[in-house]
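Heads up: the sequence shown is residues 401 to 819, going by this note's numbering. A virtual CB, placed ideally from N, CA and C, is assigned to each residue, including glycine. Computed from a prediction, not measured in an experiment: that's the story for all the values here. Working notes, beginning with the structure itself.
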Amino acid sequence: MSDYSFDFLFIGGGILGSAGAMALSKRLEEIGQSARIAVIDLDLEGEHSSTLKNAGGVRATWRNRANIELCKYSIDFYETIRDEVQFRELGYFWMHDREWWEEINKNYPLYKEYGLPVELHPSEAVPEFLPFVDNLEGIAGLSISRKAGLIDHYSLREYYRRQARKRGVRFFDRCFVKKIMVNDSEAREVIADQLKKSGDNKSEQIKKYLVNGEVEASKEEISFKCGTLINTAGAWSPRISKLYGFNDEEIKPRRRQMVVIKCPEVDLSSYGILIDTSDVYFHKDAENILAGYSNMDEPYGYNLEYGFGGLEEDSLFVRYIWLPLYQRISKFERVKFLRGWAGLYAETPDRSGYLGKVPGFKNIYECGAHTGRGLMISYGAGTALSDLILEGKFREELKHAKDLSRERPSGDLFEELHL
């Protein structure tokens, strides 16, 4: 059995694990210290990861200070590396129904306090900003978030990994964690199976592990001793929590589905994300349009199969995506369905994630279940996590991150404007 030893070990190498490893190694460098840091993951390439399955949207318009601070801090950073991560600050254009219009008006003073450029316009002003919208029925108002837009998830993840590797962080691929040794409330050792390369069936093999847990495969046992353990396994974090003895009843995985369509008559090149009152969100994707809808009737579980169908009359794609788009924008009458896929959200009861030390353990931390916000908060979350681990507190700009602990010291952090 191969044997390794690290001061800090991240389980989960998606956007949050990669950001956390970069932030931790960078902070150690800044204070003149060094440490052995590693990130292990079953699917480092990320073919089935939530990181590469999301829509790429970035915004800071939330109800709770913790989420606003993490997102704003991240966006401030993305602006400094916009070319490297293809950050297009083209805004969020949100057509609200009456309920959500009241919600964003209630939150508006908080946005002003944080210096977020958010505009609120009455429904009759919609055509001025969105000239292709020709049906205003059901729209109570339009919000435009200017400090928002689209970012390339792959480029951002790889940026984090390059910066981490430059500082000595090691990444281990194809590692399925099967046991975590805990002694006196401290994680001491992680035992994983490292899958051997399997050629053409690699993708399906990894998917089976992700969906079903351990399966029969050619593998080698590998040991990672650790001084501090950080759970950044996303939708799979409850499985990891169970291994160190924390029964997580809060985080649950739920399938989210998106599609790419072609509709040359609709030009979205000047816009970031657009959101309809039906909760369908869409944006330009190369020469096409990406669209998605979060079906809240979807049962919890590890389902990675696309199930919305295509242009057949009774498909879920037609019901949930095409029909609302066509009813709002008549130019969507003729579209070509190109492809669709499914990924996982890690959801919590109040739609806010967890960031902090795991209750009952001395050296285990977690960052995850941000319910679709992982990409947009990643830099802020990684920074907050490294602050907490190394200094036991958060910097001033991220001081409300303390509210994201399991204890929820400020109460529930329910987010209404959630997709």
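- For secondary structure counted as the alpha helix (DSSP H) over 4 or more consecutive residues, the region 510-539 holds these complete runs in sequence order: 526-529.
- Taken in chain order, the complete alpha helix (DSSP H) segments of 4 or more residues contained in the region 470-517 are 482-485, 498-513.
- In terms of Cβ geometry, Ile-539 and Ser-555 do not form a close pair [threshold 7 angstroms].
- Taken through DSSP and simplified to helix, strand or coil, Pro-653 comes out as strand.
- Within the same chain, Cβ atoms closer than 6 angstroms to the Cβ of Ile-675 are found at Trp-494, Tyr-681, the five residues on either side in sequence being excluded.
- Beyond the five residues adjoining it in sequence on each side, Thr-628 comes within less than 6 angstroms, by CB distance, of Phe-408, Asn-763 in the same chain, given in chain order.
- When C-alpha distances from Phe-624 are compared across Gly-692, Ile-437, Asp-803, Ile-651, the shortest belongs to Ile-437.
- Annotated as distal: Arg-808 and Gly-743, with beta-carbon spacing of 7 angstroms or more.
- Contact between Thr-632 and Gly-780 does not hold, since their C-beta atoms are separated by about 14 angstroms, which reaches or exceeds 8 angstroms.
- Cβ-Cβ distances below 8 angstroms link Val-485 to Tyr-478, Ile-551, Asp-552, Ser-555, Leu-556, Tyr-559 in the same chain, with the five nearest sequence neighbours on each side left out; the list follows chain order.
- Beta-bridge partners assigned by DSSP to Tyr-693: Gln-657.
- Beta-bridge partners of Val-569 (DSSP): none assigned.
- DSSP, reduced to helix, strand and coil, places Lys-736 within a strand of the structure shown.
- With contacts defined by Cβ atoms closer than 7 angstroms, Phe-576 and Ala-592 form a contacting pair.
- Here the alpha carbon of Tyr-693 sits roughly 14 angstroms from the alpha carbon of Gly-710.
- For a cut-off of 8 angstroms, the C-beta gap from Met-776 to Gly-457 is around 7 angstroms, short enough to register as a contact.
- With a cut-off of 8 angstroms on Cβ pairs, the region 789-798 is in contact with the region 418-431, counting three or more such pairs.
- For Glu-589, DSSP records a beta bridge to Met-581, Lys-625.
- Gln-433 carries a coil assignment under DSSP once its states are collapsed to helix, strand and coil.
- Distance from Gly-768 to Tyr-754 at the Cβ level is roughly 6 angstroms; contact confirmed, criterion being Cβ atoms closer than 8 angstroms.
- In the three-state DSSP reduction, Phe-717 falls in the helix class (H, G or I).
- The residues Gly-709, Leu-711, Glu-712, in chain order, have a CB closer than 8 angstroms to that of Val-718 in the same chain once the five nearest residues on each side in sequence are set aside.
- In the DSSP annotation of this structure, Gly-768 is not part of any alpha helix (DSSP H); the continuous beta strand (DSSP E) holding it starts and ends at 764-768.
- Here Glu-469 is buried: its Cβ has 16 or more other Cβ atoms, across all protein chains shown, within 10 Å.
- Residue burial annotation: Gly-541 is buried, with at least 16 other C-beta atoms found within 10 angstroms of its C-beta.
- In the three-state reduction of the DSSP assignment, Ala-801 falls in the helix class, which pools H, G and I.
- Using a C-beta cut-off of 8 angstroms, the region 519-536 makes no contact with the region 558-572, since fewer than three inter-stretch Cβ pairs fall below that distance.
- For Lys-684, the uninterrupted beta strand (DSSP E) run begins and ends at 681-685, by DSSP.
- Distance from the CA of Gly-613 to the CA of Asp-685, rounded to the nearest whole angstrom, comes to 34 angstroms.
- Between Arg-463 and Tyr-492, the CB-CB gap reaches or exceeds 7 angstroms.
- Take the alpha-carbon of Glu-447 and the one of Arg-739: they are about 15 angstroms apart.
- C-alpha of Lys-547 to C-alpha of Asn-601: approximately 42 angstroms in a straight line.
- Contact between Ile-651 and Asn-688 is absent: CB atoms are separated by about 33 angstroms, not below the 8 angstroms threshold.
- The alpha-carbon of Leu-595 is positioned some 45 angstroms away from that of Ser-545.
- In the three-state reduction of the DSSP assignment, Asn-612 falls in the helix class, which pools H, G and I.
- Boundaries of the alpha helix (DSSP H) harbouring Lys-642: 637-643, taken from the DSSP string.
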